[in-house]
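Enquirer: Mapping of the sequence shown onto the working numbering: residues 21 to 151, in sequence order. All residues carry an ideal CB built from backbone N, CA and C; glycine is no exception. Dropping the structure in here first, questions after.
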Amino acid sequence: MDEAFTADWISGRCGALGVKTFRIWINLDHLYEIDDKDNLKINANYQRNLNNLINKLKEQGVERFSAFAFSLLHLKKHAAWYGWAFPDPITEYEDYFRTLQVYAKAFGMLAKDFPDINYFEPLNEPDHPEG
């Protein structure tokens, strides 16, 4: 979260405007760390900050939360060179399938770790021409 826009600042503005629904950006690659065996470990500080924001927004009357994950989780062997792309489903089927399994695990964890979020969007603009 940008230091200029604290949870108090954001929730205060939302309360003043009467906001009832709030969309949260979640960086999957900042929230979860992936190891060589495709296990995910949560970044407790990131989780604490998101939950703090959600709680402050709820105190200001926000009732619904949606979140989109706009960053990719890459298998360790691909992290340095894939950027915004998945492994090729034809030529790298095994890695492609493993990546999908990691995403399924990550979104399952998101739903468990953030029960106040009602709706999750995998990626933002996944049909973007650069990724």
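Can you tell me where the alpha helix (DSSP H) holding Leu51 begins and where it ends?
Expert: Run containing Leu51: 48-51, per the alpha helix (DSSP H) assignment.
Enquirer: Can you tell me which of Leu93, Ala36, Asp133, Pro142 puts its alpha carbon nearest to the alpha carbon of Arg118?
Expert: Leu93
Enquirer: Residues in the same chain with beta-carbon distance under 6 Å from Pro135, minus the five sequence neighbours each way, listed in chain order, please.
Expert: Leaving aside the five residues that flank Pro135 on each side, none in its chain has a CB nearer than 6 Å to its CB.
Enquirer: Between the C-alpha atoms of Gly151 and Pro142, what's the straight-line distance to the nearest angstrom?
Expert: Its pLDDT being 49, under 50, Gly151 is placed unreliably by the model, and the measurement read from it follows with that caveat. Cα-Cα distance, rounded: 14 Å.
Enquirer: Could you work out which residue in Lys125, Tyr139, Phe140, Gly35 is closest to Tyr52 when comparing CA atoms only?
Expert: Lys125
Enquirer: Going straight from the alpha carbon of Val39 to that of Asp49, what length do you get?
Expert: CA-CA distance, Val39 to Asp49, rounds to 28 Å.
Enquirer: Would Phe25 pass as a contact of Leu77 if the rule is Cβ separation under 7 Å?
Expert: no
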